[in-house]
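Asks: Attaching a single structure in structure tokens format; questions to follow.
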Amino acid sequence: MELSHRSKDFAKFMDKTEAVVRDLLCVPDNYRVLFMQGGGSGQFAAVPLNLISRTGKADYIVTGSWSSKAAKEAAKYGKVNYVVAKTERYTGVPDRSSWTFDPDASYVYYCANETIEGVEFHDVPEVPKGVPLVCDMSSNYFSKPVDVSKYGLIYGGAQKNIGCAGVTLVIIREDLLGKPQPICPTILDYTIMSKNKSLYNTPPSFAIHVLGEVLAWVKKEGGMAEMERRSVQKSKMIYTIIDNSSGFYSNNIQPRSRSYMNVVFRVGEGGGNEELEKKFLEKAAHQGLLSLKGHRSVGGIRASLYNAITIDDTQRLANFMKNFREENK
Ligand code: PMP
1 MELSHRSKDF AKFMDKTEAV VRDLLCVPDN YRVLFMQGGG SGQFAAVPLN
51 LISRTGKADY IVTGSWSSKA AKEAAKYGKV NYVVAKTERY TGVPDRSSWT
101 FDPDASYVYY CANETIEGVE FHDVPEVPKG VPLVCDMSSN YFSKPVDVSK
151 YGLIYGGAQK NIGCAGVTLV IIREDLLGKP QPICPTILDY TIMSKNKSLY
201 NTPPSFAIHV LGEVLAWVKK EGGMAEMERR SVQKSKMIYT IIDNSSGFYS
251 NNIQPRSRSY MNVVFRVGEG GGNEELEKKF LEKAAHQGLL SLKGHRSVGG
301 IRASLYNAIT IDDTQRLANF MKNFREENK
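The following block contains the structure:
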């Protein structure tokens with residue numbers, strides 16, 4: 001950790017880490033891989049600051065809290081068109097026939113997996129031809145194969161599926177570089193970051209190291225196809241318990257948009273009982289089943305089934321849920 005980031009050894013370490021990213025996601029040669037800071041929230045600003053100047057406008061497909069935040073941030077730097085009707089409660093990806101695009105948008109933005117509500121896109125959204133597609137993959141990065149060539153830009157913080165907080169992995173098509181707004185802060189400027197091979201300033205070296213180790217493990221385990229197979233299996237185990245609980249557990253997300261990563265549900269007949277949910281969390285904690293509390297904005301329970309959670313871990317949760325229902329229904 002004390003190596004100078006200007007040293008040859010450090011350059012080798014960066015190259016090795018980039019190579020595993022490229023290998024796992026089959027990143028085409030005309031894309032740059034950037035290791036940035038500022039988390040997903042930093043990218044909410046970086047995306048418009050770097051990409052909106054072509055027309056001053058952008059399309060946002062808002063399907064949950066994180067894409068909503070991104071759209072609000074982008075509105076500071078240009079005009080934002082909401083592709084789907086605004087809503088307070090997010091329950092899935094609205095039907096494609098209801099989407100309205102701005103033909104002049106510089107890019108179309110969406111969030112592949114809404115971590116708080118548990119809403120995931122299981123296909124790449126169809127958008128007007130020639131308009132770059134931008135995607136926040138913070139909570140399902142490296143959980144399944146991705147056709148990078150369909151995107152102008154992909155980004156995600158590392159702290160869920162690919163390591164620890166501190167590094168944000170950006171993959172950008174080369175032709176989108178070179179057009180930042182003049183006010184773009186230097187450390188959020190993709191063009192400067194790319195020219196400097198992510199070493200414009202001191203990089204978060206430990207977080208990059210962990211990312212490299214995690215991705216090497218993912219590759220050893222079987223890569224993207226295997227991570228997807230496990231994610232489908234794990235989430236199905238929990239959704240099955242919910243769906244077979246006669247309303248004791250409930251998930252209000254439209255079935256085709258249910259997340260494989262974050263299974264969000266309420267405990268108690270009639271859509272949730274806070275006392276029972278408290279008891280659920282306490283009993284689960286006694287069995288070593290931790291971090292199951294839903295985001296404060298939606299309440300309830302959230303089982304996050306990131307790559308590090310095994311099928312056995314998930315089975316333990318499923319068994320616990322079955323027993324808890326028997327004891328409390
Ligand atoms: N996007 C998504 C999908 C997220 O889940 C999060 C954080 N949980 C963010 C963006 C914000 O990331 P950060 O906390 O790194 O700013």
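Residue numbers are given in full-length UniProt numbering: position 69 of the sequence shown equals residue 69, and the series is strictly consecutive.
Backbone N, C-alpha and C define an ideal beta-carbon position, used for all residues, glycine too.
Owing to the predicted nature of the structure, the values given are computational and were not obtained by experimental measurement.
Do the CB positions of Asn113 and Ser231 come within less than 7 angstroms of each other?
Replies: no
Asks: Using 7 angstroms as the threshold, is the C-beta distance between Ile162 and Val27 below it?
Replies: no
Asks: Would you tell me roughly how many angstroms separate the C-alpha atoms of Cys135 and Asn328, rounded to the nearest one?
Replies: 41 angstroms
Asks: Output the distance between the C-alpha atoms of Asp23 and Asn201, rounded to the nearest integer angstrom.
Replies: 26 angstroms
Asks: Measure the Cβ-Cβ separation of Asn262 and Ser297 and say whether it is below 7 angstroms.
Replies: No, the pair does not count as a contact, with Cβ atoms beyond the cut-off.
Asks: Would you check if the stretch 285–295 and the stretch 227–246 touch, i.e. whether three or more CB-CB distances between them fall below 8 angstroms?
Replies: These segments do not touch.
Asks: Is it the case that the Cβ atoms of Tyr82 and Val62 are separated by a distance below 7 angstroms?
Replies: yes
Asks: Could you pull the start and end residues of the beta strand (DSSP E) that Leu34 belongs to?
Replies: Tyr31 to Met36
Asks: Would Ser205 and Met14 be called neighbours here (beta carbons separated by less than 7 angstroms)?
Replies: no
Asks: Quick one: using the 10 Å Cβ neighbour count with 16 as the cut-off for buried, is Gln43 buried or exposed?
Replies: buried
Asks: If we count the other Cβ atoms within 10 Å of its Cβ and call it buried at 16 or more, is Ile311 buried or exposed?
Replies: exposed
Asks: Could you check the C-alpha separation between Gly130 and Glu269 for me, to the nearest Å?
Replies: 48 angstroms
Asks: Helix, strand or coil for Asn201? Go by DSSP, reduced to three states.
Replies: Asn201: coil per DSSP, three-state reduction.
Asks: If I'm right that Val148 touches Leu25 with Cβ under 8 angstroms, what's the distance once you round it to whole angstroms?
Replies: The pair is a contact, with the Cβ atoms about 6 angstroms apart (cut-off 8 angstroms).
Asks: Since Tyr249 sits in a beta bridge, which residues does DSSP pair it with?
Replies: Val267
Asks: Let me check you understand the geometry: is the CB of Cys135 closer than 6 angstroms to at least one non-hydrogen atom of the ligand PMP?
Replies: Answer for Cys135: no, Cβ out of range of the ligand PMP.
Asks: Considering only C-alpha positions, which residue in the set Val21, Phe10 and Phe142 is nearest to Lys160?
Replies: Phe142
Asks: To the nearest angstrom, how far is the alpha carbon of Leu49 from that of Ser65?
Replies: 21 angstroms
Asks: Taking 6 angstroms as the limit between beta carbons, can you name the residues of its chain near Val124, skipping five residues before and five after?
Replies: Lys150
Asks: Whole angstroms are fine: how far does the CA of Leu34 sit from the CA of Tyr190?
Replies: The alpha-carbon atoms of Tyr190 and Leu34 are separated by roughly 8 angstroms.
Asks: For Ser304, which three-state DSSP category applies?
Replies: Reduced to three states, the DSSP call for Ser304 is strand.
Asks: Could you give the C-beta distance for Asn273 and Val264, rounded to a whole number, given that I count them as a contact under 8 angstroms?
Replies: Between Val264 and Asn273 the Cβ distance is about 16 angstroms, and since that is not below 8 angstroms, they are no contact.
Asks: Taking the C-alpha atoms as reference points, what is the distance between Ile301 and Val210?
Replies: 29 angstroms
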